[in-house]
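Down below is the structure, laid out as structure tokens.
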Amino acid sequence: THHSTMSPEEFISRIMEAEPPEIYLMEDLKKPFTEASMMMSLTNLADKELVLMISWAKKIPGFLELSLTDQIHLLKCCWLEILMLGLMWRSVDHPGKLIFSPDFKLNREEGQCVEGIMEIFDMLLAATSRFRELKLQREEYVCLKAMILLNSNLCTSSPQTAEELESRNKLLRLLDSVIDALVWAISKLGLSTQQQTLRLGHLTMLLSHIRHVSNKGMDHLSTMKRKNVVLVYDLLLEMLDANTSS
Amino acid sequence: HTKLLQLLTTKPE
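Going line by line, the protein sequences match chains A and B. Using our numbering, you'd call the opening residue of the first sequence number 1320 and step up by one each time. Using our numbering, you'd call the opening residue of the second sequence number 13 and step up by one each time.
If you want it as structure tokens, here you go:
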């Protein structure tokens, strides 16, 4: 079935099925961390997660119908936001901790060993606290993640050719489906109409914070790379370069 | 071919 004819319930169940499996860092962490060892663990994990993120995106109904150019742009724009939202979701029941993976958990204070990362950890922890206060549900989380992906590029490119315009229209219809799905997920929580509207507002407003932290994180990673603290390679390098070379 | 392009265009398992 095409996403435009799917019920919100069906759409959500498809994006729930698309969720990537739990991922492990699978490294012997030598504590205390050094700046280099922590950055290496963070980037190794990110690189593994990125591969799974591409498979995830391809399973979102309608994503593969967009032009390949749009698919590439969307992923290049939003990858760190998606990683960060996933991190927040894993950490939501662990106040003061960042659960990067089941075998890689950090306390806020451990951020001290990497120059400039504590500020980012604090922003990640603050956004995670907001999700905790809101008691974010899994259905809402998967919708927000799809929204980040599909919304990431909307205001940075304007379609020129007929093909680009067609893909842009598909993208907008797909965003409609995701918004409908989120509204449906919220409507299942037994709230008053007004409370539902407020919840929708609060959840979507959090996305602007995630974009902000992602921008900070991107700057931080590119600084770490430039200073040769960490070797960024492979897919992560490609994704980072897309945000910094311009 | 970039890795991203390669991952996007390979058929799902």
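Here a beta-carbon is modelled for each residue, glycine too, at the ideal position from N, C-alpha and C. Every value quoted in this text rests on a predicted model; they were computed, and no experiment measured them.
Going by the DSSP bridge assignment, what does residue i pair with across the sheet?
i, result
"L1425(A)", "L1417(A)"
Classify residue i: buried if its beta carbon has 16 or more other beta carbons within 10 angstroms, exposed otherwise.
i, result
"P1380(A)", "buried"
"K1464(A)", "buried"
"L1404(A)", "buried"
"A1504(A)", "buried"
"M1335(A)", "exposed"
Shorter than 8 Å from the beta carbon of residue i to some beta carbon of chain B?
i, result
"L1571(A)", "No statement about residue 1571(A) is possible, as the shown extent of chain A runs from 1320 to 1565 and does not include it."
"E1338(A)", "no"
"V1502(A)", "no"
"I1391(A)", "yes"
"V1461(A)", "no"
"E1557(A)", "yes"
"L1517(A)", "no"
"L1468(A)", "no"
"I1418(A)", "no"
"L1406(A)", "no"
Hey, residue i and residue j are a contact pair by Cβ (cut 8 Å); roughly how many whole angstroms apart?
i, j, result
"L20(B)", "Q1390(A)", "6 Å"
State the Cα-Cα distance for the pair residue i and residue j, rounded to the nearest angstrom.
i, j, result
"F1382(A)", "L1522(A)", "23 Å"
"E1483(A)", "W1375(A)", "23 Å"
"N1470(A)", "K1416(A)", "28 Å"
"S1323(A)", "K1544(A)", "43 Å"
"I1331(A)", "P1339(A)", "15 Å"
"V1461(A)", "M1359(A)", "28 Å"
"D1553(A)", "L1540(A)", "15 Å"
"R1530(A)", "S1477(A)", "20 Å"
"E1368(A)", "I1342(A)", "7 Å"
"L1526(A)", "V1551(A)", "27 Å"
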